[in-house]
Every structure is written in structure tokens, then in C-alpha cells.
Amino acid sequence: MDKNAKIFVAGHRGLVGSAIVRKLKNEGYQNLVLKTRQELDLCDKKAVESFFKTEQPEYVFLAAAKVGGIQANNTYPADFIIQNIEIETNVITSAFQVGVKRLLFLGSSCIYPRECPQPIKEEYLLTGPLEPTNEPYAIAKIAGIKMCESINRQHGTDFRSLMPTNLYGPEDNFHPENSHVIPGLLRRFHEAKVRGDKYVNVWGSGRPRREFMHVDDLASACVYIMNLDKDIYDNFTQPMLSHVNVGVGKDCSIKELAETIAEVVGFDGEICFDTSKPDGTPQKLLDISRITALGWSAKISLEEGLKHTYQWFLENKESLRVH
3 MDKNAKIFVA GHRGLVGSAI VRKLKNEGYQ NLVLKTRQEL DLCDKKAVES
53 FFKTEQPEYV FLAAAKVGGI QANNTYPADF IIQNIEIETN VITSAFQVGV
103 KRLLFLGSSC IYPRECPQPI KEEYLLTGPL EPTNEPYAIA KIAGIKMCES
153 INRQHGTDFR SLMPTNLYGP EDNFHPENSH VIPGLLRRFH EAKVRGDKYV
203 NVWGSGRPRR EFMHVDDLAS ACVYIMNLDK DIYDNFTQPM LSHVNVGVGK
253 DCSIKELAET IAEVVGFDGE ICFDTSKPDG TPQKLLDISR ITALGWSAKI
303 SLEEGLKHTY QWFLENKESL RVH
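In the working numbering, the protein residues as written are 3 to 325.
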């Protein structure tokens, strides 16, 4: 991408979008088009079409999505499938219609079957049933991948897809009920420490294993992949299997994660596991050989990333209404 190219980052205030914006600015890209949800409702087809016709962006990072943890996915399944499909359809088709040079779609590792062999290869997509707790969201993300692939196949466009592992970092959702596991636990352990609690309850058995990546690593991967020549990207993908996994290549148990977070926060009480709550997928570790072969690898360790995220939380907790 030319440093002066017009770049639209959809979802620039979210966890992923804000990290992409930070990375682009650090790399010297200044011609960024950023719209809040109030300025541009990506679920509004006519508004999105009008925006693309007016702005004519050259590159698009599609990081906008309705996201949440297990409880949010279980509570609002219709919202998750409808809103995400609307966002993807409106942005991807409008980008095609105005001749965007390149688009990068951000998916999720939950697109893969629940009982996948580990680590999970890209070709395992659509080989088995999905995890029921986030099936609507996963189906929406699969639709986005296939939308990009289908437009590429029919029209010769250059729309790419990255499937990140579990993410965390600055600008994450720290809601006590609807957040993902890392921000939820960081907040819970922090509040327990402030109150002087003797124990903290953690959902599930603690046995499921998860891979976690700091969002700044994902942003680095996004800009790297967006800048790859089409021939190089196409060389490592297939027309109907064009997505690329992004992760760190190792996982940990939720129990190990909780213990690390307690240490980072400075909570020295007991950690209890509520086995009446769902565990979700038993293990989710991505095979990252494809993106490694493309020349990119993660740099931020889990402990370093957790310390960084906790520091951001402390600096912003008043605006997050922690107390």
C-alpha cells in the first residue's frame, strides 16, 4: 500500500480496528477514513453504498463486527448472525462495486468444527458441527469468508481473509457479563483485590485449552498480509480455501490463564471453578504454518501482553465504570 493511499478501517473503535489504526499510523499511513457507528451504520445498506461511492477508498480493513463471550452469544444469537451478515454483505459488496484494490476480512477461529483435530488447519473448515454456544456468530463469519472467495472467483478481485485466535488488549470489552475471558477475568480479579475478597469464581472446569494473542500482534499481521503481492498470497492459498490462520502457535488451560492473571493483578486469594457453567470448545489451537510460511510471526508473550492490557485497564477503568 502506498503511504498516501486512502484506507477505510471499518470498526476502528473496537479492539481489532483500533489496533489496526495504531499500527497504520505508526507505519506512516495518514490517509485513513474512520467513521463511528453514529456516523455510519454498517447495517444500513444504502448508507454504506453512499459512503463507498463518496469516499472511494483504495483499501479496506473489515474489522467491524458484533462480538461477545459465551453468555452474550447464548443470549443474543439472532443479533449475532443477523448483524454480522448485514455488516459483511454491505461492506464487501460495496467495496466490490466501487473497485476497491484490496480488502481484508477479519474472521474468528470459532469458524472451525467443535471437535477439530489439533492444531486446527485451514482445510478443517466445514468438516464438522460447530460449537453450539457460538454457532450463529461462526456461520456469519464463514459467510464472510465465502463471500470474499466467491467475488474473487467470479470477478478476479483481491479480497483476503484472516482468522485470528482468541484476542485481547487495549480497547477490549470489560463488561462483567458480556466480555471475553481475558478482560472478564482481569476485571474480576482486580475488583476482588480491591474489595479484599478471599476467592474468585471462574466459569467452567478450568480444563479447556485456549490460544491467546495480543491484538497488536494481529494488527501487525493485518498490515503485513495486506501489503503482500497477490501472487505471493495466492501461492499459499487456494481459490476456495483462501483464509489464513493467525495465532501464536501455543495454548494454555483456562486454569493456567486464571493463575497468570491473578499474579499479574496481584490477587493472592483462592481461585474457584464453577463447573455448573459451560466450558465451550475443549481445545482451540490454530495451525499457523501458512502465515509462518508467508513470513509473519507473533512477538508478544502472554505474560507481557497481560501486563500491558492490565495497565491499560487501570488507566481507563473510570471511563469503563468499574466502580
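C-beta atoms are modelled at their ideal positions from N, C-alpha and C, and glycine is treated no differently.
As the structure is a computational prediction, the values presented were derived from the model and not from experiment.
Taking only three categories from DSSP, how would you classify residue i?
{"i": "F53", "result": "helix"}
{"i": "R24", "result": "helix"}
{"i": "E60", "result": "coil"}
{"i": "E125", "result": "helix"}
{"i": "Q285", "result": "strand"}
{"i": "N175", "result": "coil"}
{"i": "L169", "result": "strand"}
{"i": "I263", "result": "helix"}
{"i": "C45", "result": "coil"}
{"i": "H157", "result": "helix"}
{"i": "L243", "result": "strand"}
{"i": "Y31", "result": "coil"}
{"i": "R292", "result": "helix"}
{"i": "F214", "result": "strand"}
{"i": "V225", "result": "helix"}
{"i": "C118", "result": "coil"}
{"i": "T38", "result": "coil"}
{"i": "L17", "result": "helix"}
{"i": "A145", "result": "helix"}
{"i": "T219", "result": "It should be pointed out that residue 219 corresponds to Asp in this sequence rather than to Thr. Helix at D219."}
Should residue i go down as buried or exposed, given a rule of 16 or more other Cβ atoms within 10 Å for buried?
{"i": "Y31", "result": "buried"}
{"i": "T135", "result": "buried"}
{"i": "D253", "result": "buried"}
{"i": "S96", "result": "buried"}
{"i": "S2", "result": "Outside the displayed range of the chain (3 to 325) lies residue 2, so it cannot be described from this structure."}
{"i": "D218", "result": "buried"}
{"i": "D4", "result": "exposed"}
{"i": "A12", "result": "buried"}
{"i": "H157", "result": "exposed"}
{"i": "V50", "result": "buried"}
{"i": "C274", "result": "exposed"}
{"i": "P138", "result": "buried"}
Pull up the distance between the alpha-carbon of residue i and that of residue j, whole angstroms please.
{"i": "L26", "j": "G249", "result": "20 Å"}
{"i": "A223", "j": "R190", "result": "30 Å"}
{"i": "I22", "j": "L296", "result": "19 Å"}
{"i": "C45", "j": "G271", "result": "45 Å"}
{"i": "H325", "j": "K103", "result": "Low confidence applies here, because H325 scores a pLDDT of 42, under 50, leaving its location unreliable; read the following figure in that light. Computed Cα separation, rounded: 46 Å."}
{"i": "R162", "j": "V62", "result": "10 Å"}
{"i": "A140", "j": "D289", "result": "18 Å"}
{"i": "I234", "j": "T159", "result": "15 Å"}
{"i": "T277", "j": "S255", "result": "15 Å"}
{"i": "R155", "j": "M242", "result": "8 Å"}
{"i": "L188", "j": "A260", "result": "9 Å"}
{"i": "L36", "j": "L64", "result": "12 Å"}
{"i": "L106", "j": "Y201", "result": "43 Å"}
Nearest to residue i by CA position, among the options, is which residue?
{"i": "W314", "options": "D46, D270, N175 and I72", "result": "N175"}
{"i": "K55", "options": "V93, P79, I83 and V217", "result": "V93"}
{"i": "D43", "options": "D231, F275, N86 and N237", "result": "N86"}
{"i": "G70", "options": "K301, H182, T283 and V35", "result": "H182"}
{"i": "S299", "options": "N247, L127 and R155", "result": "N247"}
{"i": "A67", "options": "A221, H310, Q58 and L108", "result": "L108"}
{"i": "Y170", "options": "V18, G13 and L64", "result": "V18"}
{"i": "P326", "options": "E179, R162, C112 and G158", "result": "With the chain represented from 3 up to 325, any question about residue 326 goes unanswered, as that position is not in the structure."}
{"i": "W205", "options": "Q73, E41, S303 and M242", "result": "Q73"}
{"i": "Q120", "options": "E305, M215, M242 and P210", "result": "P210"}
{"i": "K47", "options": "N75, L322 and Q99", "result": "Q99"}
{"i": "G208", "options": "K257, P172 and I184", "result": "K257"}
{"i": "G198", "options": "E29, V267 and R292", "result": "V267"}
{"i": "I147", "options": "Q240, R212 and Y78", "result": "Q240"}
{"i": "K279", "options": "I83, N203 and A142", "result": "N203"}
Return yes when the C-beta of residue i is under 6 Å from any heavy atom of the ligand NAD, and no when it is not.
{"i": "N175", "result": "As for the ligand NAD, it is missing from this structure, which has no ligand bound."}
Assuming residue i is part of the alpha helix (DSSP H), what are its boundary residues?
{"i": "S163", "result": "Element bounds for S163: not the alpha helix (DSSP H) but the beta strand (DSSP E), F161 to P166."}
{"i": "C112", "result": "Unbroken run through C112: none, as it is neither H nor E."}
{"i": "F315", "result": "L304 to N318"}
{"i": "R104", "result": "First-last for R104: R104 to L108, but that is the beta strand (DSSP E), not the alpha helix (DSSP H)."}
{"i": "N1", "result": "This structure cannot settle anything about residue 1, because the visible part of the chain is limited to 3 through 325."}
{"i": "D233", "result": "K232 to N237"}
{"i": "E193", "result": "V183 to R197"}
What residue range is occupied by the uninterrupted beta strand (DSSP E) comprising residue i?
{"i": "D253", "result": "That residue, D253, is in no beta strand (DSSP E); it is neither H nor E in DSSP."}
{"i": "D1", "result": "Since the first and last residues shown for the chain are 3 and 325, residue 1 lies out of range."}
{"i": "A12", "result": "I9 to A12"}
{"i": "V204", "result": "Y201 to W205"}
Quick check: is the beta carbon of residue i nearer than 7 Å to any beta carbon in chain C?
{"i": "F275", "result": "No chain C is present in this structure, which holds just one protein chain."}
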